[in-house]
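Every number in this note's numbering is 176 more than the matching position in the sequence shown, counting from 1. Working notes for the structure below.
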Amino acid sequence: MHILVTGGAGYIGSHTCVAAYAAGHTITILDNLSNSSPESLNRVEKISGRRPRLVVGDIGDRSVVRSVLDSEKFDAVIHFAGYKAVGESVAKPWEYYQNNVAGTLVLLDELRRHGVRNFIFSSSATVYGNPDPKDLPLKETAPLSALNPYGATKLWLEEIMRAMAAADPAWHFLLLRYFNPVGAHESGLMGEDPAGIPNNLMPYITQVAVGRLKELTIFGNDYPTPDGTGVRDYIHVCDLAEGHVAALAKVADLPGCTAINLGSGSGVSVAQLVASFEKAIGRPLPHRFGPRRPGDAAACYADASKALQLLGWKTKRNSDDMCRDAWNWQSKNPNGYKNA
Ligand code: NAD
Ligand code: UFG
Numbered sequence: 177m178h179i180l181v182t183g184g185a186g187y188i189g190s191h192t193c194v195a196a197y198a199a200g201h202t203i204t205i206l207d208n209l210s211n212s213s214p215e216s217l218n219r220v221e222k223i224s225g226r227r228p229r230l231v232v233g234d235i236g237d238r239s240v241v242r243s244v245l246d247s248e249k250f251d252a253v254i255h256f257a258g259y260k261a262v263g264e265s266v267a268k269p270w271e272y273y274q275n276n277v278a279g280t281l282v283l284l285d286e287l288r289r290h291g292v293r294n295f296i297f298s299s300s301a302t303v304y305g306n307p308d309p310k311d312l313p314l315k316e317t318a319p320l321s322a323l324n325p326y327g328a329t330k331l332w333l334e335e336i337m338r339a340m341a342a343a344d345p346a347w348h349f350l351l352l353r354y355f356n357p358v359g360a361h362e363s364g365l366m367g368e369d370p371a372g373i374p375n376n377l378m379p380y381i382t383q384v385a386v387g388r389l390k391e392l393t394i395f396g397n398d399y400p401t402p403d404g405t406g407v408r409d410y411i412h413v414c415d416l417a418e419g420h421v422a423a424l425a426k427v428a429d430l431p432g433c434t435a436i437n438l439g440s441g442s443g444v445s446v447a448q449l450v451a452s453f454e455k456a457i458g459r460p461l462p463h464r465f466g467p468r469r470p471g472d473a474a475a476c477y478a479d480a481s482k483a484l485q486l487l488g489w490k491t492k493r494n495s496d497d498m499c500r501d502a503w504n505w506q507s508k509n510p511n512g513y514k515n516a
């Protein structure tokens, strides 16, 4: 298949390019490089021996989107492009709604004009809001809510796609709800390279381990969880990438709009992840306990059975693999793609 990958130079996008090449697909990327470096595509080429065509442009720029769609015929789109930082979305809601929602509306409009209707969307477990413990593990039918503008952009885009599919049966939308993507390609050539101080747990841990940050603060040890720290469903980014390849294989057989969790199906606590990481680096990781982070859920993990049933996909890598690969990447690239 020839796939248009928006946001393909980013963290999940670049790993998905490697997995899609391994499956024999052809790739064109549309990315404005607002949160990524084209160096990630040099790394894709090193691993895969193939280099995606990169169009540097914005999904909300109709003339760019139109020229990409006029230039080649695409069988499917994987839509990663968007802003993703929860805290930033509270400070800059207009930018989030503009980039994520308005940008995607332009993309979808041009796709329907060009007759491209196989669409795989990066949604998020954020659409489950702060889940009620009685709904765990979360099925796709669990109640949906948004706790911040970022979450609202995912929820609204899902809603827009559901309505578009109901109105036009030619659409095939797969809403892939990712749980907590972490880790890196096993080569150590590609990984997560956040700008500024990381908000998320794994990049914070790796930057402490490499000496860029002093210590990890574990946000809360008094949650109603087995060890008191927050529980999440961490998923290795290469498993997630392979989930997209499985989705590509099935999207043409799944008309309408289908939400699918991509998670491991099991919960891991912050303390457990820190212990796995300490095992990977062979030394203690400086950390202390601090207060809960406002807005955090005690526990959030997937029921991953629908992905297995519909896509024939499940995760293969565990927390030890995630920590080993995240550390391999960070230790070989202490400053990420900068100065590469
Ligand atoms: P990322 O920031 O590394 O990648 C996103 C890419 O999109 C970047 O390369 C950025 O330059 C590009 N981009 C942003 N706005 C654009 C625009 N208007 N036009 C063109 N390109 C644009 O993020 P990621 O972690 O790879 O996430 C990919 C997608 O998955 C996002 O939609 C994100 O919301 C979603 N997601 C991520 C996580 C996570 O924890 N990483 C969890 C759930 C969902
Ligand atoms: N945590 C710490 N210390 C840190 C950072 C995080 O203890 O420095 C804890 C959090 O309190 C939480 C766990 O580590 O218990 C995971 O936190 P992350 O920030 O890595 O991830 P979240 O589950 O809060 O949220 C992430 C994305 C959201 C997305 C969600 C589900 O940031 O956008 O996963 O996909 F919606």
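For each residue, glycine too, the CB sits at the ideal point set by N, CA and C. No experiment lies behind these values; they were computed from the predicted model shown.
Margin query: Based on DSSP bridge pairs, tell me the residues matched to Asp207.
Written below: Val232
Next item on the list: Kindly indicate the opening and closing residues of the alpha helix (DSSP H) around Ile373.
Entry: No alpha helix (DSSP H) holds Ile373; DSSP gives it neither H nor E.
Check: On the three-pair Cβ rule with 8 Å, is the stretch 445-453 touching the stretch 262-278?
Finding: no
Checklist line | C-alpha gap between Tyr399 and Glu368, whole angstroms | finding: 28 Å
Next item on the list: Reducing DSSP to helix, strand and coil, say where Thr329 ends up.
Entry: helix
Next item on the list: Measure the beta-carbon distance from Asn211 to Val266 and round it to whole angstroms, keeping in mind my assumption that it falls under 8 Å.
Entry: Not quite, the Cβ-Cβ distance comes to about 18 Å (not below 8 Å), so this is no contact.
Item checked: Boundaries (first-last residue) of the beta strand (DSSP E) holding Arg464 -> His463 to Gly466
Item checked: Segment limits, beta strand (DSSP E) that includes Phe295 -> Asn294 to Ser300
Check: What do you get for Thr317, buried or exposed, if any count of 16 or more other CB atoms within 10 angstroms of its CB means buried?
Finding: exposed
Check: How big is the Cα-Cα spacing for Leu350 and Asn294?
Finding: 8 Å
Next item on the list: Have a look at Tyr326, Ala195, Val194 and Ser300 and flag the residue whose alpha-carbon is nearest the alpha-carbon of Asp409.
Entry: Ser300
Next item on the list: List the endpoints of the continuous alpha helix (DSSP H) containing Thr192.
Entry: Tyr187 to Ala198
Checklist line | Exercise answer, beta-carbon shell around ligand 2 heavy atoms below 7 Å | finding: Lys260, Val262, Ser300, Ala301, Thr302, Tyr326, Gly327, Tyr354, Phe355, Asn356, Asn375, Asn376, Leu377, Met378, Tyr380, Leu392, Thr393, Ile394, Phe395, Gly396, Thr405, Gly406, Arg408, Val446, Arg469, Asp472 and Cys476
Item checked: Segments assigned alpha helix (DSSP H), at least 4 residues, entirely inside the stretch 405-446 -> 413-426
Note to self: Between which residues of its own chain and Leu551 is the CB-CB distance below 6 Å, once the five residues before and five after are set aside?
What the structure shows: What is shown of the chain runs 177 to 516, which leaves residue 551 out entirely.
Margin query: Here's the rule: buried if 16 or more other CB atoms are within 10 angstroms of the residue's CB, otherwise exposed. What is Arg468?
Written below: exposed
Next item on the list: Within its chain, find whatever has a CB closer than 8 Å to the CB of Pro462; leave out the 5 residues flanking it on each side and keep chain order.
Entry: Val384, Lys390, Glu391 and Leu392
Next item on the list: Grab the span of the beta strand (DSSP E) containing Val253 for me, first residue to last.
Entry: Ala252 to His255
Check: Which partner residues does Asn356 have in the DSSP bridge list?
Finding: Tyr410
Next item on the list: Could you tell me whether the Cβ atoms of Thr401 and Ala480 are closer together than 7 Å?
Entry: no
Check: Of all Cβ atoms in chain C, is any one closer than 7 Å to the Cβ of Met337?
Finding: Looking at the structure shown, chain C is missing, and only one protein chain is on hand.
Notebook entry, point to check: Hey, would you say Ala257 sits closer than 7 Å to Ser216, going by beta carbons?
Noted result: no
Note to self: Counting beta carbon pairs with one atom in the stretch 356-368 and one in the stretch 413-429, are three or more of them shorter than 8 Å?
What the structure shows: yes
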